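Using the working numbering, you'd call the opening residue of the sequence shown number 11 and step up by one each time.
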Amino acid sequence: MACVAWGITGAGHFLAGCAEVVAGLPDVHLFLSRAAEEVVRMYGLEARLAGGARRLYRESRTGASAPHVARFFRGEYNCLVVAPATGNSTAKFVHGIADSLITNLFAQAGKSRVPVIVLPTDVAPEMESPGPGGELVKVFPRPVDLEMVARLCSFPGVTVVSSLDELRGALEALA
């Protein structure tokens, strides 16, 4: 598989599993939103993620409009993965708001016709999610969050997955 651009937003749900998937890929450029930087630290996944990525870009250092997004136009990435994607990021994708590193990546991938895979955190009306200490908590996504995920499913060039297994399968399909 060619180089994968992988964006992480500020969500803990699916985060540990995403770190495992990143570690199993041969060539990943990892992009962390400001919130992701905080959450990755809270979950103790900094070293695991940094070790799995060939390059690591942090929004706190690169800014929201980093020149790295132009790499989609140059064909340097064969896909963009946004996993996990918060409800906030998913809503911004749907409404065309590109005001952060991850939302700019999403917009530029779309404009370059680079396939996008999104693993939203809000995939069911009721879920259990591990907290930073490993404890499971019940999460009840709002109807508007579930609606944004449903709308994102209709975007051309975007594959929305609802589990880590589906994420792995979508990546394998692009290989």
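Ideal Cβ positions, reconstructed from N, Cα and C, are used throughout, including at glycine.
All values derive from a computational prediction rather than experimental measurement.
Starting from the Cα of residue i, find the closest Cα among the options and give me that residue.
{"i": "Ser43", "options": "Ala29, Gly17 and Arg178", "result": "Gly17"}
{"i": "Pro140", "options": "Val14, Cys13, His23 and Ala12", "result": "His23"}
{"i": "Pro36", "options": "Val170, Leu129 and Val14", "result": "Val14"}
{"i": "Leu115", "options": "Glu69, Ala33 and Ala185", "result": "Glu69"}
{"i": "Asn98", "options": "Leu90, Val91 and Ala108", "result": "Ala108"}
{"i": "Pro166", "options": "Arg152, Lys121 and Lys148", "result": "Lys121"}
{"i": "Leu146", "options": "Pro153, Arg152 and Met137", "result": "Met137"}
{"i": "Val149", "options": "Val50, Val133 and Gly62", "result": "Val133"}
{"i": "Tyr87", "options": "Gly73, Arg123 and His105", "result": "Arg123"}
{"i": "Val171", "options": "Glu47, Arg51, Thr113 and Val126", "result": "Val126"}
{"i": "Pro142", "options": "Arg161, Ala45 and Val49", "result": "Val49"}
{"i": "Val31", "options": "Val91, Arg51 and Ala80", "result": "Val91"}
Determine the extent of the beta strand (DSSP E) in which residue i is found, giving its start and end residues.
{"i": "Pro153", "result": "First-last for Pro153: Pro153 to Leu162, but that is the alpha helix (DSSP H), not the beta strand (DSSP E)."}
{"i": "Val171", "result": "Careful: Val171 lies outside any beta strand (DSSP E) and carries neither H nor E."}
Please name the residue or residues paired with residue i in a DSSP beta bridge.
{"i": "Ala223", "result": "Since the first residue of the chain shown is 11 and the last is 185, residue 223 is not available in this structure."}
{"i": "Ala15", "result": "His39 and Leu90"}
{"i": "Met137", "result": "Val149"}
How about residue i and residue j: do their beta carbons lie closer than 8 angstroms?
{"i": "Pro101", "j": "Met158", "result": "Looking at the sequence itself, residue 101 is Ala, so the reference to Pro does not match. For Ala101 and Met158, yes; Cβs fall inside 8 angstroms."}
{"i": "Arg64", "j": "Val38", "result": "yes"}
{"i": "Ala95", "j": "Thr169", "result": "no"}
{"i": "Leu40", "j": "Leu55", "result": "no"}
{"i": "Tyr53", "j": "Ala26", "result": "yes"}
{"i": "Leu66", "j": "Leu129", "result": "no"}
{"i": "Gly61", "j": "Ala33", "result": "yes"}
{"i": "Ala46", "j": "Phe82", "result": "no"}
{"i": "Leu162", "j": "Cys89", "result": "no"}
Given that a residue counts as buried once 16 or more other Cβ atoms are within 10 Å of its Cβ, and exposed if not, what is residue i?
{"i": "Phe103", "result": "buried"}
{"i": "Leu181", "result": "buried"}
{"i": "Ser164", "result": "exposed"}
{"i": "Asp155", "result": "buried"}
{"i": "Arg84", "result": "exposed"}
{"i": "Ala29", "result": "buried"}
{"i": "Ser75", "result": "exposed"}
{"i": "Ala12", "result": "exposed"}
{"i": "Asp175", "result": "exposed"}
{"i": "Ser173", "result": "exposed"}
{"i": "His78", "result": "buried"}
{"i": "Ala21", "result": "buried"}
State the start and end residues of the unbroken alpha helix (DSSP H) segment that holds residue i.
{"i": "Arg71", "result": "Glu69 to Thr72"}
{"i": "Val32", "result": "Leu25 to Ala33"}
{"i": "Pro50", "result": "Note that residue 50 is Val in the sequence shown, not Pro. Counting along the chain, the alpha helix (DSSP H) containing Val50 begins and ends at Arg44 to Met52."}
{"i": "Ala63", "result": "That residue, Ala63, is in no alpha helix (DSSP H); it is neither H nor E in DSSP."}
{"i": "Ile112", "result": "Leu111 to Lys121"}
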